[in-house]
Ligand code: PRP
Ligand code: URA
């Protein structure tokens, strides 16, 4: 399943992020706000259970989330989506996977992994602003599956058709959410038009 979240607020904020004139502070703030808006949509199908409660007026039956949510940002850039999602799902646990892409081969390399317990029964949201070749996302999905994750959502800001195809071919069971599906990858593996290097723009490293 691929869902492109075409919401005017998301596309407006993403357009600010795409502009090369946008500095680190505004880039990060827009990403944070988009993360919250995306989380609202991505959480639309979270399972709930009925609970019997007492309001100040009367007993009634309410609904609460029935599964834990685990958010897994792919370091570094995925960190930029974490706080926005956690504001909507404050009880979520957080796992981390560190991955960098070799600039020449575009192959991902894992350098860090730390996950909470209970991945088997949780809804696991892997988050990263960029889905380019799909290599990093595929390795992150493999890593959480190895820890028992079964219900996995991949939440990215901008995707290239190449990355979407690769993820869907390898893991058709993973639900994929994007704020925008861009045109193609260039010869350096950058998404076109994209927004440049997300990690560098979030952390001011270039
Ligand atoms: C970027 C991005 C993704 C990956 C996408 O990370 O945040 O993780 O590239 O590319 P792919 O789909 O071709 O694998 P990068 O490797 O630049 O690391 P960083 O987040 O530390 O900057
Ligand atoms: N990683 C990025 O940060 N940007 C791209 O366009 C592709 C991979």
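Numbering (the numbering used here), first residue to last: 904 to 1109. Note that CB positions come from ideal geometry on N, CA and C, so glycine has one too.
Throw me the rounded Cβ distance for the residue 1029 and residue 1013 pair, which I believe falls under 8 Å. Walking along the chain shown from the start, residue 1029 turns up at place 126. Walking along the chain shown from the start, residue 1013 turns up at place 110. Contact between residue 1029 and residue 1013 does not hold, since the beta-carbon distance rounds to 13 Å and is not under 8 Å.
Between 1076, 969, 938, 966, which has its C-alpha nearest residue 1033's C-alpha? Counting from 1 along the chain shown, the entry for residue 1033 is found at position 130. Ranking the options by Cα distance to residue 1033, first place goes to 938.
N- and C-terminal bounds of the beta strand (DSSP E) containing residue 910: As a working mapping, residue 910 is identified with position 7 in the chain shown. DSSP places residue 910 outside any beta strand (DSSP E), giving it a letter other than H or E.
Compute the Euclidean distance between the alpha carbons of residue 1051 and residue 960, then round it to the nearest angstrom. As a position in the chain shown, residue 1051 is number 148, starting the count at 1. As a position in the chain shown, residue 960 is number 57, starting the count at 1. Taking the straight line from one Cα to the other gives about 43 Å.
May I ask you to report which of helix, strand or coil DSSP gives residue 1032? What you label residue 1032 is simply residue 129 of the chain shown in a count that begins at 1. The three-state reading of DSSP puts residue 1032 in strand, counting E and B together.
Enumerate in chain order the residues of its own chain whose CB-to-CB distance from residue 1026 is below 6 Å, with the five nearest sequence positions on each side excluded. As a first step, residue 1026 must be located in the chain shown, where it is residue number 123. Result list for residue 1026: 970, 972, 1054, in chain order.
Taking the runs of the alpha helix (DSSP H) that are 4 residues or longer, which of them lie wholly in the stretch 907 to 953? Within the stretch 907 to 953, the runs of alpha helix (DSSP H) that reach at least 4 residues and sit entirely inside it are, in chain order, 911 to 921, 927 to 945.
Going by DSSP, name the residue or residues bridged to residue 1000. As a first step, residue 1000 must be located in the chain shown, where it is residue number 97. According to DSSP, residue 1000 bridges with 977, 1016.
What separation, rounded to the nearest whole angstrom, lies between the Cα atoms of residue 1047 and residue 1016? Counting from 1 along the chain shown, the entry for residue 1047 is found at position 144. Counting from 1 along the chain shown, the entry for residue 1016 is found at position 113. In this structure, the straight-line span from the alpha carbon of residue 1047 to that of residue 1016 is close to 10 Å.
In chain order, which beta strand (DSSP E) runs of at least 3 residues are fully inside the stretch 1028 to 1101? Restricting attention to beta strand (DSSP E) runs no shorter than 3 residues, the stretch 1028 to 1101 encloses them at 1054 to 1062, 1078 to 1084, ordered along the chain.
Determine the burial state of residue 1080: buried for a count of at least 16 other Cβ atoms within 10 Å of its Cβ, exposed for fewer. Residue mapping note: residue 1080 aligns to position 177 of the chain shown, counting from 1. Buried is the label assigned to residue 1080, since at least 16 other Cβ atoms lie within 10 Å of its Cβ.
Taking C-beta to C-beta, are residue 1039 and residue 1011 nearer than 8 Å? Numbered from 1 along the chain shown, position 136 holds the residue referred to as residue 1039. Numbered from 1 along the chain shown, position 108 holds the residue referred to as residue 1011. Judged by their CB atoms, residue 1039 and residue 1011 are nearer to each other than the 8 Å cut-off.
Does residue 1098 pass the burial test, meaning 16 or more other C-beta atoms within 10 Å, or should it be called exposed? In the chain shown, counting from the first residue as 1, residue 1098 sits at position 195. Answer is buried; the Cβ neighbour count reaches 16.
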